[in-house]
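In what follows, a single structure is set out as structure tokens and then discussed.
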Amino acid sequence: MTEVAPRKTPLYDEHVRLGAKMVSFAGWLMPVQYTSIVEEHQAVRNGVGIFDISHMGQLIVGGPGAREWLNTMLTNNIDKLDVGMGQYTFLLNEGGGIIDDLIAYRIGEEKFLLVVNASRTDEDLAWLQKHLRGDVEIDNRSANFGGVAIQGPGVTNLFENLPSRNHIVDLDWHGIPVTIARTGYTGEDGVEVFFRSVDAAKFWNLVLEKGKEFGIKPCGLGARDTLRLEMCYPLNGSDLSPERNPIEAGLGFFIDLSKPGFTGRDVLLKTKENGPREKLVPFRMKEKGPPPRPHYAVFQNGERIGEVTSGTLSPSLNWGVGMAYVSAAHAKIGVEIEIEIRGQKFPATIDKKPLYKKSAS
């Protein structure tokens with residue numbers, strides 16, 4: 000079977016021009032870094048950075064009954080969204096497993112923008128279309144639209160009249176029609192901006208130009224991963240999968256079990272009543288050494304109790320950190336564990352979320 004060549008975002012040529020190191024990710028050629036992961040990470044924590052998120056899927060759900068129908072497909076409660084608001088939520092299979100984690104924005108009375116993970120776009124679309132009812136329609140606009148995440152405390156220097164947290168607005172920015180959402184995946188203040196693919200390069204270069212005086216840096220997937228991991232934000236395909244449900248992942252806050260009849264609800268109800276068998280926990284290494292990586296075994300007192308799903312050397316903490324699924328009996332803050340790295344066990348402690356906390360200045 001021949002492998003499909005990775006796709007390119009509308010910003011591919013800009014990344015190459017800036018000397019980015021490109022890698023294949025979720026079927027796309029994406030920048031992993033421009034200068035260094037640590038430098039880009041620190042730019043977001045202390046200033047401002049810009050990421051290409053054009054590989055992520057953008058689905059528009061609309062039509063009479065769209066709100067009611069979408070509420071049967073997603074775990075969070077769409078009814079709580081006014082027009083112009085967004086929420087983090089899950090699309091589940093019948094067994095309560097996570098097909099995708101996404102953000103649903105209400106952009107009209109009966110119109111929603113779903114921003115979904117790149118590797119799951121086709122799967123999400125097929126699942127939603129299979130369950131469509133009434134006059135609800137789904138438009139996959141992914142190929143015609145791009146997006147960037149502009150993250151960091153310096154974001155307010157670039158935009159005036161930003162929407163409040165978890166809100167979304169359409170506006171004209173220096174002659175480019177854009178949709179700006181005050182959301183992100185880094186733990187910093189920031190926005191995610193969506194625009195037509197034809198405007199992508201123009202928008203990207205304008206932001207870099209206007210952000211020059213504030214030290215803006217283009218950032219790649221490497222920094223995106225270290226930033227999200229310090230905050231314990233899960234990564235689909237690593238920390239989340241169709242075999243895991245949101246309660247096991249410690250994300251029950253984004254499920255509204257009080258609403259009737261959404262896909263996977265019965266399984267989640269049982270998991271909540273009985274308690275999950277395993278839980279996703281953050282951990283921090285206790286000594287300097289090689290960083291933890293996905294699939295490394297987790298031990299306690301010689302007994303294997305779980306497996307690492309994400310791990311890295313945290314640039315903010317200068318320490319090895321990660322997340323792992325461990326048996327529920329051991330999933331408590333302060334529990335001492337060991338991570339097996341290349342046949343050797345290294346001590347670590349289960350910590351509380353987030354692993355990185357901004358110091359009050």
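Numbered per numbering that gives the first Met the number 0, the sequence shown spans residues 0 to 360.
Idealized CB from N, CA, C, for every residue including glycine.
Run the CB neighbour count on residue 127, radius 10 Å, all protein chains shown included, and call it buried at 16 or more, exposed below.
With 16 or more Cβ atoms within 10 Å of its Cβ, residue 127 is classed as buried.
With DSSP as the reference, label residue 4 as helix, strand or coil.
Residue 4: coil per DSSP, three-state reduction.
Closest by CA to residue 274, which one among 289, 206, 247 and 295?
Measuring from the Cα of residue 274, the nearest candidate turns out to be 247.
When you compare only the Cα positions, how much space is there between residue 343 and residue 279?
The alpha-carbon atoms of residue 343 and residue 279 are separated by roughly 23 Å.
State the DSSP-derived secondary structure class of residue 303, mapped to helix, strand or coil.
Strand, per DSSP.
Excluding sequence positions up to five away, which residues of its chain have a Cβ less than 8 Å from the Cβ of residue 96?
The residues are 240, 241, 242, 243, 244 and 263.
Could you check the C-alpha separation between residue 138 and residue 62 for me, to the nearest Å?
Looking at the two C-alpha atoms, the distance is approximately 11 Å.
Buried or exposed for residue 276, going by 16 or more other Cβ atoms inside 10 Å?
Counting Cβ neighbours within 10 Å, residue 276 comes out exposed, since fewer than 16 surround it.
Within a Cβ cutoff of 6 Å, which residues of the same chain sit near residue 320, ignoring the five residues on either side of it in sequence?
Excluding positions up to five away in sequence, the list reads 283, 313 and 354.
Tell me the residue span of the beta strand (DSSP E) that contains residue 180.
Looking at the DSSP string, the run of the beta strand (DSSP E) that includes residue 180 is 175 to 180.
How is residue 205 classed by DSSP in three states: helix, strand or coil?
It is helical.
Taking the straight line between their C-alpha atoms, what separation do you get for residue 110 and residue 10?
Answer to the nearest angstrom: the Cα atoms are 28 Å apart.
Pairs of beta-carbons, one from the region 297 to 308 and one from the region 325 to 341, closer than 8 Å: are there three or more?
Yes, the region 297 to 308 touches the region 325 to 341.
Can you check whether the CB of residue 226 is closer than 8 Å to the CB of residue 43?
Yes, they are a contact pair.
When DSSP builds the beta bridges, which residues end up paired with residue 66?
None, per the DSSP bridge assignment.
So, at 7 Å on beta carbons, what are the nonlocal neighbours of residue 307 in its own chain, with the 5 sequence-adjacent residues on each side left out?
Hits under 7 Å: 291, 292, 293, 294, 295, 297, 321, 323 and 338.
Take the Cβ of residue 201 as the centre, count every other Cβ of all protein chains shown within 10 Å, and call the residue buried at 16 or more, exposed below.
When all chains shown are included, residue 201 counts as exposed.
Under the assumption that residue 84 contacts residue 261 (Cβ atoms under 8 Å), give the Cβ distance between them as a whole number of angstroms.
No, residue 84 and residue 261 are not in contact; Cβ-Cβ is about 19 Å, not under 8 Å.
Along the chain, where does the alpha helix (DSSP H) containing residue 222 start, and where does it finish?
220 to 229 is the span of the alpha helix (DSSP H), which, as asked, contains residue 222.
Are there 16 or more other CB atoms within 10 angstroms of the CB of residue 98, so buried, or fewer, so exposed?
The residue in question, residue 98, is buried, as its Cβ has 16 or more Cβ neighbours within 10 Å.
Just the C-alpha distance for residue 350 and residue 146, rounded to the nearest angstrom, thanks.
Looking at the two C-alpha atoms, the distance is approximately 34 Å.
Of the choices 230, 229 and 224, whose alpha-carbon is the least far from that of residue 236?
Looking at the Cα atoms, 224 is the closest of the given residues.
Going by beta carbon distance, what residues of the same chain come within less than 7 Å of residue 232, once the five residues before and after it are set aside?
The residues are 184.
Give me the Cβ distance between residue 144 and residue 175, rounded to the nearest whole Å; I'm assuming they're in contact under 8 Å.
The Cβ separation is near 13 Å, so there is no contact.
Pull up the CB-CB distance for residue 58 and residue 115, whole angstroms please, since I reckon it's below 8 Å.
Confirmed, about 6 Å.
Using CA atoms only, rank isn't needed, just tell me which of 53, 289, 52 and 172 is closest to residue 346.
Among 53, 289, 52 and 172, the Cα nearest to that of residue 346 is on 289.
Are there 16 or more other CB atoms within 10 angstroms of the CB of residue 53, so buried, or fewer, so exposed?
Answer is buried; the Cβ neighbour count reaches 16.
By DSSP, does residue 84 sit in helix, in strand, or in coil?
The answer is strand: DSSP assigns residue 84 an E or B state.
What distance in whole Å lies between the Cβ atoms of residue 190 and residue 181, which are believed to be in contact at a cut-off of 8 Å?
Yes, they are in contact, since the Cβ atoms of residue 181 and residue 190 sit about 6 Å apart, within 8 Å.
Among all the DSSP beta bridges, which residues are the ones paired with residue 318?
Answer by DSSP bridge pairing, in chain order: 313.
Going by C-alpha to C-alpha distance, which of 270, 151 and 254 sits closest to residue 217?
Answer by Cα proximity: 151.
Can you give me the start and stop residues for the beta strand (DSSP E) that residue 113 sits inside?
Here the beta strand (DSSP E) through residue 113 covers 110 to 115.
Check whether the Cβ atoms of residue 105 and residue 80 lie closer than 8 Å to each other.
It is a contact, given that the beta carbons lie within the stated cut-off.
State the Cα-Cα distance for the pair residue 257 and residue 82, rounded to the nearest angstrom.
Those two C-alpha atoms are separated by around 22 Å.
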